[in-house]
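Enquirer: In my numbering, the protein residues as written are 761 to 895.
No residue lacks a Cβ here, since even glycine has one placed at the ideal position from N, Cα and C.
Only a predicted model underlies this, so the values are computations on that prediction, with no experimental measurement involved.
Next up is a structure, given as structure tokens.
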């Protein structure tokens, strides 16, 4: 960040963050079969698990609803890469303008939700049988 005082350039302040810090942040999501990435306010990848994306722009992926100028402050989007469908949640850091994404394949997200739904049906049935027998 440039430091300017009374219209005169004073200097620059920079910071360096080890990518291990980002890995730590996204580690819990990884256990759920999801992954995260971060882009700056212009859509350039700041962090991605796959280093081939670093130095490129989210706009270069050719996915229309992932283009940085179409993204809101936060939200949810669906998109496909190589035939695989994904769902991503994102939010914007107020200070840096960076967008933080958590994405997972549609298949893994829905299968986890369906597994939970089945368990809820089983427990509901068990509780219903108990209630009928007690009554």
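(1) If I follow the unbroken beta strand (DSSP E) through residue 838, where does it start and stop?
(2) Let me know the secondary structure DSSP gives residue 850 once reduced to three states.
(3) Cα-Cα, which of 840, 889, 856 and 880 is closest to residue 798?
(4) Is residue 866 closer than 9 Å to residue 846 when the C-beta atoms are compared?
(5) Since I believe residue 884 is in contact with residue 793 (beta carbons under 8 Å), could you give me their beta-carbon distance rounded to a whole number of angstroms?
(6) I need the straight-line Cα distance from residue 817 to residue 880, nearest angstrom please.
(7) Is the beta carbon of residue 795 less than 9 Å from the beta carbon of residue 805?
(8) Take residue 861 and list the residues in its own chain whose beta-carbon comes closer than 8 Å to its own, dropping the five residues that flank it on each side.
(9) Could you tell me the boundaries of the beta strand (DSSP E) in which residue 864 lies?
Expert: The short version:
(1) On the chain shown, position 78 is the one that residue 838 refers to. Here the beta strand (DSSP E) through residue 838 covers 834-841.
(2) Along the chain shown, read from residue 1 onward, the residue named residue 850 stands at position 90. Look at residue 850 here: in three-state DSSP terms it is strand.
(3) Indexing the chain shown from 1 puts residue 798 at position 38. Looking at the Cα atoms, 856 is the closest of the given residues.
(4) As a first step, residue 846 is located in the chain shown; it is residue number 86 there, counting from the start. As a first step, residue 866 is located in the chain shown; it is residue number 106 there, counting from the start. The answer is yes: Cβ separation under 9 Å.
(5) Taking the first residue of the chain shown as position 1, residue 793 is located at position 33. Taking the first residue of the chain shown as position 1, residue 884 is located at position 124. That pair is no contact at about 27 Å.
(6) Numbered from 1 along the chain shown, position 57 holds the residue referred to as residue 817. Numbered from 1 along the chain shown, position 120 holds the residue referred to as residue 880. Cα-Cα distance, rounded: 42 Å.
(7) For the purposes of this step, residue 795 is identified with residue 35 of the chain shown, where counting begins at 1. For the purposes of this step, residue 805 is identified with residue 45 of the chain shown, where counting begins at 1. The answer is no: Cβ separation not under 9 Å.
(8) The count along the chain shown starts at 1 and reaches residue 861 at position 101. Closer than 8 Å at Cβ, skipping near neighbours: 796, 797, 798, 799, 848, 849 and 850.
(9) For the purposes of this step, residue 864 is identified with residue 104 of the chain shown, where counting begins at 1. Following the DSSP letters along the chain, one finds residue 864 inside the beta strand (DSSP E) bounded by residues 859-865.
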